[in-house]
Ligand code: E4P
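Numbering (this note's numbering), first residue to last: 1 to 219.
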């Protein structure tokens, strides 16, 4: 399973990249706003800065909601760097734009997926990847993992190549369940990636190894 970091914070992206297990980055307009990135020129520069840190797969979201605007913005983003994946919301106009980009060999991430029907349409339009939001479904008392499993089943029935990018991942159990279900990618904050490393038995085991080593070597 590929790991993406879900942030626009350059320091966190660098820290995740330095771990050597990062496959990409997802951003969205809220995450960009959180970093105080405003104005087209600054936004484009920020995406370029992210591309300069990671190896590939930087999802950059269009702001336009109409087809022509999405095409214009998406082309501008795609031209910025080969690592850019144009992120487009799941709307009727968005699906038309994804089909256009797919026909023109520009990678896309269809975002804000909350149902199997939306996932089916995204795959038919040729999205490179699509983002079902697990955590936000959990927030409204629907099991987000059920949707991930349902989409993987449907895609496998027809051999769709669109990758399932589990998004809105809030904790390590989400990540583990995504891996069990066979999600292609999971995107989450740095804190969730970091908590994968932790286990109390690892900590106590290491402490004992070090104490025994110190005792033996002080004789
Ligand atoms: C991913 O592409 C989304 O931007 C993100 O995972 C949303 O996560 P949230 O529901 O925690 O905001």
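Where is the CB? At the ideal position from N, CA and C, for every residue including glycine.
Please read these numbers as outputs of a predicted model, since none were measured by experiment.
CB of residue i to nearest heavy atom of ligand 1: below 7 Å?
i	result
residue 107	no
residue 135	yes
residue 167	yes
residue 187	yes
residue 218	no
residue 195	no
residue 28	yes
residue 6	yes
residue 141	no
residue 111	yes
residue 131	yes
residue 59	yes
Rounded C-beta distance between residue i and residue j? I'm assuming under 8 Å.
i	j	result
residue 167	residue 6	7 Å
residue 96	residue 142	28 Å between Cβ atoms; not a contact.
residue 178	residue 1	7 Å
residue 29	residue 76	With 8 Å as the limit, residue 29 and residue 76 do not qualify as a contact, their Cβ atoms being about 16 Å apart.
residue 172	residue 26	Not confirmed; about 18 Å, so no contact.
residue 134	residue 4	With a Cβ gap of about 14 Å, residue 134 and residue 4 do not count as contacting.
residue 86	residue 63	Actually they do not touch by this definition, with Cβ atoms about 12 Å apart.
What would DSSP say about residue i, mapped onto helix, strand or coil?
i	result
residue 189	coil
residue 111	strand
residue 209	helix
residue 130	strand
residue 142	coil
residue 203	helix
residue 3	strand
residue 220	There is simply no residue 220 to check, as the chain begins at 1 and stops at 219 in what is shown.
residue 106	coil
Give a yes or no on whether 8 Å exceeds the smallest Cβ distance from residue i to chain B.
i	result
residue 187	Of the protein chains in this structure there is only one, and it is not chain B.
Review point. At a cut of 8 Å, does the segment 36-46 reach the segment 11-23 through at least three beta carbon pairs?
Key: Fewer than three pairs of CB atoms, one per stretch, sit closer than 8 Å, so the segment 36-46 makes no contact with the segment 11-23.
Exercise for review: Enumerate, from N- to C-terminal direction, the unbroken alpha helix (DSSP H) stretches of 4 or more residues contained entirely within the segment 9-86.
Suggested key: Listed in chain order, the complete alpha helix (DSSP H) runs (minimum 4 residues) inside the segment 9-86 are 10-18, 29-34, 40-53 and 67-80.
Review point. Given 8 Å as the limit, is there contact between the segment 116-128 and the segment 157-170, that is, 3 or more CB pairs closer than that?
Key: The answer is yes - the segment 157-170 touches the segment 116-128, with three or more Cβ pairs under 8 Å.
Exercise for review: Kindly confirm or deny that the segment 131-146 and the segment 200-215 touch, where touching means at least three C-beta pairs closer than 8 Å.
Suggested key: The segment 131-146 vs the segment 200-215: no contact.
Practice item. Within the segment 145-169, note down every full beta strand (DSSP E) run reaching 3 residues or more, in order along the chain. Key: Entirely contained in the segment 145-169, the beta strand (DSSP E) runs reaching 3 residues are, in chain order, 163-166.
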